[in-house]
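Numbering (my numbering), first residue to last: 12 to 271.
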DNA sequence: ATGGCGTACACCGTACGA
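Below is the structure:
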């Protein structure tokens, strides 16, 4: 099974790029973030014509998550939109869960946070607290589970083009790293690092300043897996080609392959 | 040090992203 995470930065704007990518790569499951569309306007018909079923949890203009799945091979089960934890629902659409062939897929768009002294950073930390609580109370660390998405956190120095410039800043600060560590303690593993140890593998490049051409990026899009699923992970790569040329998202897809 | 670019909404600017 191949599971992909891709922050598409507007699914309507990127619809053609996404369907082309699906045709070329034929993943089993594609988790998207920043769909930026209400559910009534989600372009499900276009993906259906490409052979993919759609699950979506969106809102107007901002955020929004969706999962596409090969409809010839998979049927989603136990779909949950939002935190769905009994407390007041987050008005920001950032989490969508479903099970495919026994593999639990949790698709998240973690808040950006803007800056460490911002109210948005307080929200980011609280959001990550709540997600972990949801994992602990309604997901199974002993099962086959993938927590994937745009985490808006670069795990370590290898994941940042200029670690010393970024250290302590948003996406690369101590409190954010402490949050990631709690998820690892729950039982998750960073699938890309199971197979690739080198520095300089990024998944996001700023649209400005020719960042992509200058190889100035961050790895903030992650596929994390529980031990039993990680044991079945045969590779995890970033498809940098998807960031080349005009009309692309500022993020590239991260593709994880599992022998399940 | 700043702003660069891109997207959405709706108004021709503003909010937000990372």
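All C-beta atoms, glycine included, are put in the ideal place defined by N, C-alpha and C.
Between the alpha carbons of residue i and residue j, how many angstroms are there, rounded?
{"i": "residue 247", "j": "residue 118", "result": "17 Å"}
{"i": "residue 169", "j": "residue 67", "result": "33 Å"}
{"i": "residue 57", "j": "residue 26", "result": "8 Å"}
{"i": "residue 78", "j": "residue 174", "result": "32 Å"}
{"i": "residue 47", "j": "residue 103", "result": "11 Å"}
{"i": "residue 59", "j": "residue 31", "result": "13 Å"}
{"i": "residue 146", "j": "residue 139", "result": "10 Å"}
{"i": "residue 50", "j": "residue 69", "result": "6 Å"}
{"i": "residue 15", "j": "residue 269", "result": "11 Å"}
{"i": "residue 251", "j": "residue 203", "result": "14 Å"}
{"i": "residue 160", "j": "residue 134", "result": "18 Å"}
{"i": "residue 128", "j": "residue 81", "result": "43 Å"}
{"i": "residue 65", "j": "residue 112", "result": "16 Å"}
{"i": "residue 206", "j": "residue 214", "result": "16 Å"}
{"i": "residue 150", "j": "residue 225", "result": "40 Å"}
Can you tell me whether residue i is buried or exposed? The criterion is at least 16 other CB atoms within 10 Å of its CB, across all chains shown.
{"i": "residue 114", "result": "buried"}
{"i": "residue 186", "result": "exposed"}
{"i": "residue 267", "result": "buried"}
{"i": "residue 180", "result": "exposed"}
{"i": "residue 37", "result": "exposed"}
{"i": "residue 72", "result": "exposed"}
{"i": "residue 12", "result": "buried"}
{"i": "residue 256", "result": "exposed"}
Could you tell me how far apart the beta carbons of residue i and residue j are, in whole angstroms, since I believe they sit closer than 8 Å?
{"i": "residue 231", "j": "residue 182", "result": "6 Å"}
{"i": "residue 109", "j": "residue 89", "result": "7 Å"}
Could you name the residues of the same chain whose beta carbon sits closer than 6 Å to that of residue i, not counting the 5 residues immediately before and after it, in chain order?
{"i": "residue 17", "result": "43 and 264"}
{"i": "residue 100", "result": "93"}
{"i": "residue 258", "result": "none"}
{"i": "residue 123", "result": "163"}
{"i": "residue 218", "result": "261"}
Output needed for residue i: all residues of its chain with C-beta closer than 7 Å, excluding positions within five of it in sequence on either side, in chain order.
{"i": "residue 84", "result": "39"}
{"i": "residue 216", "result": "222, 223, 227, 228, 254 and 261"}
{"i": "residue 199", "result": "158, 235, 236 and 237"}
With a Cβ-Cβ cutoff of 8 Å, do residue i and residue j count as a contact?
{"i": "residue 41", "j": "residue 61", "result": "no"}
{"i": "residue 245", "j": "residue 156", "result": "no"}
{"i": "residue 191", "j": "residue 164", "result": "yes"}
{"i": "residue 158", "j": "residue 201", "result": "no"}
Apart from the five residues just before and just after residue i, which ones in its own chain have a Cβ nearer than 8 Å to its Cβ?
{"i": "residue 197", "result": "143, 146, 147 and 152"}
{"i": "residue 220", "result": "227"}
{"i": "residue 271", "result": "12, 112, 113, 114, 155, 240 and 243"}
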